[in-house]
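Shown next, in structure tokens, is the structure this report addresses.
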Amino acid sequence: MAKLETSVPSLPPQTLKERMIKVGPGFVVAATSIGAPDLLASIVVGQSYGMTFLWAIIIGTIIKYYLNEGVGRWHLATGTTILEGWRSLGRWATGYFGVYAVIWGFVYGATAAMASGMAMNAMWPVLPIWGWAIIHAVAGFLLVYTGKYKLFEQVMTFLVGLMFLTIVGLACFFLPGLKELSWGLVPTVPDGSLYLVLGLIGGVGGTITMASYGYWIKEKNWTGKSWIPMMKTDAKVGYFITGVFCVSALIIGAQFLYGTNVEIRGDQGFVTMSNMLADQFGEPMRWTLLLAFWSAVFSSLLGVWNGVPYLFADFVRTMRMKKNKELADKPVTEKDPMYRLYLFWLTFPPMIMYFFGKPVELIILYGVLGSLFMPFLAITLTILLNSKKVDRDARNRWLTNAILIGCIMMFGLLGLTELLDLF
Numbered sequence: 001m002a003k004l005e006t007s008v009p010s011l012p013p014q015t016l017k018e019r020m021i022k023v024g025p026g027f028v029v030a031a032t033s034i035g036a037p038d039l040l041a042s043i044v045v046g047q048s049y050g051m052t053f054l055w056a057i058i059i060g061t062i063i064k065y066y067l068n069e070g071v072g073r074w075h076l077a078t079g080t081t082i083l084e085g086w087r088s089l090g091r092w093a094t095g096y097f098g099v100y101a102v103i104w105g106f107v108y109g110a111t112a113a114m115a116s117g118m119a120m121n122a123m124w125p126v127l128p129i130w131g132w133a134i135i136h137a138v139a140g141f142l143l144v145y146t147g148k149y150k151l152f153e154q155v156m157t158f159l160v161g162l163m164f165l166t167i168v169g170l171a172c173f174f175l176p177g178l179k180e181l182s183w184g185l186v187p188t189v190p191d192g193s194l195y196l197v198l199g200l201i202g203g204v205g206g207t208i209t210m211a212s213y214g215y216w217i218k219e220k221n222w223t224g225k226s227w228i229p230m231m232k233t234d235a236k237v238g239y240f241i242t243g244v245f246c247v248s249a250l251i252i253g254a255q256f257l258y259g260t261n262v263e264i265r266g267d268q269g270f271v272t273m274s275n276m277l278a279d280q281f282g283e284p285m286r287w288t289l290l291l292a293f294w295s296a297v298f299s300s301l302l303g304v305w306n307g308v309p310y311l312f313a314d315f316v317r318t319m320r321m322k323k324n325k326e327l328a329d330k331p332v333t334e335k336d337p338m339y340r341l342y343l344f345w346l347t348f349p350p351m352i353m354y355f356f357g358k359p360v361e362l363i364i365l366y367g368v369l370g371s372l373f374m375p376f377l378a379i380t381l382t383i384l385l386n387s388k389k390v391d392r393d394a395r396n397r398w399l400t401n402a403i404l405i406g407c408i409m410m411f412g413l414l415g416l417t418e419l420l421d422l423f
């Protein structure tokens, strides 16, 4: 199995201050995992239920942290990739991922670029949405194709900063009282809202991109078990930021839209809401929300363009390792032909959908596979991180196992619901 080692090893930081200085992949995780659908879902829930589900966002953030931390710990504790871990479980695991990645990449490639185009068109309507979509897709392609991770991380950090200024800044404008916030911390599930709660918890913090985390920490030259404390700090920072963004969106929905009948579902909802803010508070508020919308969707696009091709290239490598043993010592890089092939797949073929829409059958299959990916990740991490493949001191503790098992049950229920909805 391929070892994630580099030629110039470095010593891990020992103090919290030193670790905070080295945080980087956590910013990438935060920027990638928070897209327009996540923010909009939080706003819609706030509009319908006020601060009632603040607790659900916090729980969702904690669950996603443990999943993300599990991926990073596997990479550091074993020196192998998550794809190699899945391969060790049997062909069912890698086969599932292969099917999922091809379908997911095509649909996401279209939706992410179109969402970015919609945000830019709302600010500068000098080009149609599809024109801006092409520009964003190609810009992401060129940035990632260069293979310069440091530049990519700097861009993502800038976008996180922009999201913080806009989304959190707007939330500060609508801050609720302490009493209302405290009510939201008490777990309550109003009648008929169970699946909404589960969906909100599951929607916080990304899906397939979490599996890319190990490749991002490899780019930082973090290798070996001694880097696990650093990785945990980095992941905590990333999911703290993620939680703050989603809570901020909930506050905006609860304080600005609660009790109204305004329809803000779909990506167009941000445009509708920005016009409402402009009418009530002036044009700067409109631009603030639109910048938040754009930074959220474009950072997600860039994160997927950089992270998921690693997974696909590694998938191809692990499939070929049985016939070519030399591949076991050749970890994938951003210049791997399969990496660039999948980057091309994300960018150019989906442009067809800019003009012809999304085939219904493809969307249905994408939705089902998506709803089943989280329990798949939780199940495989539970098996792998309790196995003898991992040294005892790096295996799951009881709390991690409890959270992963709860995650399996929750996401399994959501996946079953998605399947039953097909019939």
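Take the sequence shown: its position 262, counted from the start at 1, is 262 in the working numbering, and no numbers get skipped.
Each residue gets a CB set at the ideal place from its N, CA and C atoms; glycine is no exception.
Since the model is a prediction, treat every value here as computed from it, not as a measurement.
- Of the residues 226, 54, 384 and 321, the one whose Cα lies closest to the Cα of residue 183 is 54.
- If you look at residue 18, you'll find it in the alpha helix (DSSP H) that goes 16-22.
- For residue 11, the secondary structure class from DSSP, reduced to helix, strand or coil, is coil.
- Each residue's CA atom was taken as its position, placing residue 405 and residue 34 some 24 Å apart.
- In summary, residue 261 is exposed, with fewer than 16 beta-carbon neighbours lying within 10 Å of its beta-carbon over all protein chains present.
- Note on residue 330: under 16 other CB atoms within 10 angstroms of its CB, so exposed under the neighbour-count rule.
- Taking the Cα positions, residue 28 is about 27 Å away from residue 273.
- Check the Cα spacing between residue 241 and each of 58, 286, 44 and 320: the tightest is with 58.
- Distances from the alpha-carbon of residue 284 to those of 30, 150, 255 and 169 put 169 closest.
- Taking C-beta atoms under 8 Å as the contact rule, residue 144 and residue 18 fail to qualify, at a distance of about 30 Å.
- The Cβ atoms of residue 67 and residue 381 lie closer than 8 Å to each other.
- Distance from the CA atom of residue 14 to the CA atom of residue 343, rounded to whole angstroms, is 37 Å.
- Burial is judged here by how many other beta carbons sit within 10 angstroms of a residue's own beta carbon; residue 172 has fewer than 16 and is exposed.
- At least 8 Å separates the beta-carbon of residue 110 from that of residue 309.
- Counting other Cβ atoms within 10 Å of its Cβ, residue 116 reaches 16 or more and is therefore classed as buried.
- Beyond the five residues adjoining it in sequence on each side, residue 220 comes within less than 7 Å, by CB distance, of 24 and 25 in the same chain, given in chain order.
- Counting along the chain, no alpha helix (DSSP H) covers residue 394, and no H or E run does either.
- Residue 353 carries a helical assignment under DSSP once its states are collapsed to helix, strand and coil.
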